[in-house]
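Q: Provided herewith is a single structure, encoded as structure tokens, for subsequent inquiry.
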Amino acid sequence: MKLLSYVSLALLVLGMGPATAAWPDDKPIKFIIPFGPGGFDAYARTLAPALEKILGAVVVPENVPGAGGRIGANTVYRARPDGYTIGLWSMPGMTMPAIVGERVRYDLNKLSWIAQLSYDAYALAVKADSPIRTLEELCNLGRPATFSGQGGFTETASIATVIMMAELGCPYKIVTGYQSSGQATLAVMRGDVDARVNPLGSLMPYIKSGDVRLLLTFERETSVPEVPTIAELGHADYVNFGLARVVAGPPGLPDDIRDRLSGAFAEAMQSEKLLEWSQKTNNPFAPLDSQQTVSAMQEMMRFYENYGELLRMEFKGKR
Amino acid sequence: MDFGLLSDAFTELIGSGHSHYIFFGVLVGLTFGVIPGLGGTTALALLIPVTYTMDPVAAMYLAGGSMGATSFGGSMTAILLNTPGTPPNAATTFDGYPLTRQGKAGLAIGASATASAMGGLIGLLSLLLVIPLARNIIYLFGPPEFFLLTVLCLIAIAVATMGKLLRGLITGCFGLMVAFVGMDSVSGELRYAGEIDYLWDGVPLVPVLTGMFAVSQMLALALKGGSIVSEEHRKTKLSGVFTGMQSVFRHWTHLLRGSAIGTVIGAIPGLGGVVASFFAYSSAAQTSREPESFGKGNIIGVIAPEAANNAKDGASLLPAVAFGIPGSAESALLLSILILHGIEPGPSILVESQREIYGLILAITFSAVGASIVGLIGARWLMLITYVKVQVLVPVVITVTLTAVYVLEGKLGDVVVCGVMGVVGYLMIRFDYPRLTFIIALVLGRTMEQAFHQSMIISDGNMYGYIAGRPTAIVLVVFIALTLLFPAFRSYRSMKKNSA
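So the protein lines, in turn, are chains F and H.
Each residue of the first sequence is one higher than the one before, counting from 1 in this note's numbering.
Each residue of the second sequence is one higher than the one before, counting from 1001 in this note's numbering.
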């Protein structure tokens, strides 16, 4: 990926005029993906060609994986706010390190939010032939219910698990360390653990194939027939558990550039080709413009900060 | 086994007019294989944007073509320069390079080409055989089994160091120490990383392997002087290729065993090609009647790891094919190519995208064969490298290698790690400490630790009870015991023979 961006950079440098030329004509726009191949990567790479057409610029998706997305986040945060570096952000994942008291080098409140691409509600799944039928049964197994988690404890799905189980007073254990969200789902199917909280969209293929069964979804109104929502079970707060894929640039991005980028993303997500891709691959769009994204992110951060104390306490015990 | 689907895929390959993409893939794969530091994953990552406008099946041909070709490309550098082109080729250096020094490079390359091609074919057959059982196989391996598997691999390699067990254990522990740098994948806690962002994800594998095998070797050469092949062994053309090709069939048991090891290890996520080829090598050396001839130019030492290396490619697709969940870096990239083309990987991927999947499997297999043919044609000229004076060769190889390591991720830290490991590796050669155990410990350390922690969390610390209730785990424990007892058994037998 790097090599490609160098090549395109070199090609552009050859024909480059003074740096004052109007954005975005003189340099490629780097679109940082803070993870390796997977859902985030797919969104960025599918959107990039459409953005190129709309903006008339070269858009180079670049994977900067590492440290649960933090290395990519730092890269975007430290870049010059000239519109030539933007990045994808996993939310609320990137709020977690600060909330549980880990040192981070970016301040989400200062980021220049550009657009939201998608929002996946979470759902709670068990193995298809598991005897567990309801959240209540999962809560009363006579032993702690086990969940699978990707990476360390600050994965968004694990955070949702911790908040729900701790607040409901249910005994639980999270088996963390699975290499990807897919591997963590596989852990449920294999019987390593009882359950897993995962984005609904990623679970769908495994529900269709009869490998896993949903206990509930974290939605306001369920999109899966005969599966209750967490709101219907009386815990309306938890409808906020979900995963947003958001585009943001470094702090201080000029308003006009931000708005043009935001407009380009909105236009791209309406194009027929992308809508077809979105439907076929089960990667839904949930477009928000930059103002809407700012308020959605602020609300999201406030929601999780409410649980800061709880999370810090829970983590102390688990580590 | 579904040969019908395979023959459909074959008909499509011939009729589609896309088959040349396999050939392009082979050329890309060979090139990336030959250059130390660049490997199959890099080739795939670079090919992704190229496939945007292609038909998905054509994209799979291109990707599969490059995936099947890298390992033979890498074996040529391993044999000629003692510098593995890709990490899994490291095991091939042990006997391939001594053969080159004896003027038998042709023999080694012929054997490697044939073993790669045959390994690829055997890998294809075994993949087709196990696809219907894929789910059951994957369900057998939970955290405790992963832990025991890594222990088994480590012990097998340590036993294989023969006579240097203590030194092997020392470098193995060193490897584990390096593997534990960075964020603990279970608790998320940082270890030994200090304030350096670069170390958060641990010490990266490719720069370490490249430093330890490529740079260190170049340092050793530079300090020795001369050229790789001395004047008296020089020949004007690559001879013995045909004998080398025949030798693979003469040692067919090793071909089969190497391929079997490659298939089994390839199918298990997290172990990967390096483990597969080292394991194949050490098992060949260990069960040989003349183990002392290994490391001095035994042709079996080329055949076994190269067969394993190509056989693992097909098998590594197993978790991806069965569940749409990648089990290796390469299959993750393959799946992301499919996503780009509007195909959603999931448990029904084999039914919904059989054209693409079977096209990919065919491409990998054809590429293993094609790469061997193309490689054999090019090997004549590549061999001349070994006649070049060290003063010229060493700076060129080191520059190319470090550049490749930098281009991979664009991180200067990778270059530093590669250089440091080059020096460490040289010292290990100089003072006769095995690098093998270090590397295997480094590769397996994280999986081992993670699987151990997960098993402990699941079983509430009652590891023995947990293992006792799982048949697969018990079988693995038995294997571990047998591996540990094997050297004792062998020395007992030879003692008896001597006294008789």
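Note that the Cβ used here is the ideal one computed from N, Cα and C, for glycine as well.
In this text, all values refer to a predicted model and were calculated from it rather than measured experimentally.
Counting only C-beta atoms, is residue 321 of chain F closer than 8 Å to chain H at any point?
A: Any property of residue 321 of chain F remains undetermined from this structure, which presents chain F solely from 1 to 319.
Q: So which residues on chain F does residue 1183 of chain H lean against when the C-beta distance must stay under 7 Å?
A: 67 and 152
Q: Can you check whether the C-beta of residue 1134 of chain H is within less than 8 Å of a C-beta belonging to chain F?
A: no
Q: Does the distance from the C-beta atom of residue 198 of chain F to that of residue 125 of chain F stay below 8 Å?
A: yes
Q: Using the Cα positions of residue 180 of chain F and residue 1451 of chain H, report the straight-line distance between them to the nearest angstrom.
A: Distance between the alpha carbons of residue 180 of chain F and residue 1451 of chain H: 14 Å.
Q: The beta strand (DSSP E) spanning residue 62 of chain F covers which residue range?
A: 59–63
Q: Counting pairs of beta carbons, one from the segment 1364–1374 of chain H and one from the segment 1117–1129 of chain H, are three or more of them closer than 8 Å?
A: Here the segment 1364–1374 of chain H makes contact with the segment 1117–1129 of chain H; the two share three or more CB pairs at distances below 8 Å.
Q: Could you check whether residue 1261 of chain H and residue 1285 of chain H sit closer than 8 Å to each other, using their CB atoms as the reference points?
A: no
Q: At a Cβ threshold of 8 Å, is residue 1405 of chain H touching chain F?
A: no
Q: Is the beta carbon of residue 1034 of chain H sitting closer than 8 Å to the one on residue 1073 of chain H?
A: yes
Q: Rank H:1075, H:1433, H:1065 and H:1194 by C-alpha distance to the C-alpha of residue 1170 of chain H and give the top, closest one.
A: The shortest Cα separation from residue 1170 of chain H among H:1075, H:1433, H:1065 and H:1194 belongs to H:1433.
Q: Going by DSSP in three states, residue 87 of chain F sits in which element: helix, strand or coil?
A: strand
Q: According to DSSP, is residue 150 of chain F helix, strand or coil?
A: strand
Q: Taking 8 Å as the threshold, find out whether the segment 1426–1441 of chain H comes into contact with the segment 1126–1139 of chain H through three or more Cβ pairs.
A: no
Q: In this structure, how does DSSP classify residue 71 of chain F when only helix, strand and coil are distinguished?
A: Helix, per DSSP.
Q: Where residue 1 of chain F and residue 166 of chain F are concerned, what is the direct C-alpha to C-alpha distance, given to the nearest angstrom?
A: Caution is warranted here: a pLDDT of 49 is assigned to residue 1 of chain F, below 50, making its placement in the model unreliable, and the coordinate value is therefore given only provisionally. Computed Cα separation, rounded: 42 Å.
Q: Where does the unbroken alpha helix (DSSP H) through residue 196 of chain F begin, and where does it stop?
A: Here residue 196 of chain F belongs to no alpha helix (DSSP H); instead the beta strand (DSSP E) covers 195–199.
Q: Among the residues of its own chain, which have a CB less than 7 Å from the CB of residue 15 of chain F, if the five just before and after it don't count?
A: Low per-residue confidence applies at residue 15 of chain F: pLDDT is 42, beneath 50, and the placement is therefore not dependable enough to give any value.
Q: Report all residues from its chain with a CB closer than 6 Å to the CB of residue 155 of chain F; omit the five preceding and five following residues, and keep chain order.
A: 149
Q: Taking 6 Å as the limit between beta carbons, can you name the residues of its chain near residue 1397 of chain H, skipping five residues before and five after?
A: 1218
Q: Would you grab the beta carbon distance between residue 1172 of chain H and residue 1154 of chain H for me? Rounded to a whole angstrom, and I think it's under 8 Å.
A: 6 Å
Q: When we look at the beta-carbon of residue 313 of chain F and count the other beta-carbons within 10 Å, is it buried (16 or more) or exposed?
A: exposed
Q: Indicate whether the contact test is met: 3 or more Cβ pairs, each with one atom in the segment 183–201 of chain F and one in the segment 98–113 of chain F, closer than 8 Å.
A: no
Q: Could you list which residues in chain F have their beta carbon closer than 9 Å to that of residue 1453 of chain H, in chain order?
A: 175, 176 and 177
Q: Less than 8 Å between the C-beta atoms of residue 43 of chain F and residue 163 of chain F, yes or no?
A: no
Q: Thinking C-beta only, is residue 1049 of chain H closer than 8 Å to residue 1338 of chain H?
A: no
Q: One question on the structure: do residue 81 of chain F and residue 251 of chain F come within less than 8 Å of each other, judged by their Cβ atoms?
A: yes
Q: With a CB to CB cut of under 7 Å and the five nearest residues on each side skipped, what residues in its chain are close to residue 178 of chain F?
A: 148, 149, 150, 184 and 187
Q: Is residue 1 of chain F close to chain H? Criterion is C-beta to C-beta, closer than 8 Å.
A: Its pLDDT being 49, under 50, residue 1 of chain F is placed unreliably in this model, and the value from its coordinates should be taken loosely. At least one chain H Cβ lies under 8 Å of residue 1 of chain F.
Q: Please determine, among H:1313, H:1330, H:1190 and H:1409, the residue with the shortest C-alpha to C-alpha distance to residue 103 of chain F.
A: H:1190
Q: Which class does residue 1007 of chain H belong to by DSSP, given the choice of helix, strand or coil?
A: helix
Q: Beta strand (DSSP E) containing residue 32 of chain F: first to last residue?
A: In this chain, the beta strand (DSSP E) harbouring residue 32 of chain F covers 29–33.
Q: Is DSSP giving residue 1057 of chain H helix, strand or coil here?
A: Correct three-state label for residue 1057 of chain H: helix.
Q: Is any heavy atom in the ligand SAM found nearer than 7 Å to the beta carbon of residue 1169 of chain H?
A: No copy of the ligand SAM occurs in the structure displayed, which carries no ligand at all.
Q: Determine whether the beta carbon atoms of residue 1259 of chain H and residue 1299 of chain H lie at a separation below 8 Å.
A: no
Q: Ignoring anything shorter than 4 residues, give me the alpha helix (DSSP H) runs that lie fully in the segment 1387–1443 of chain H, in order along the chain.
A: 1390–1409 and 1412–1430
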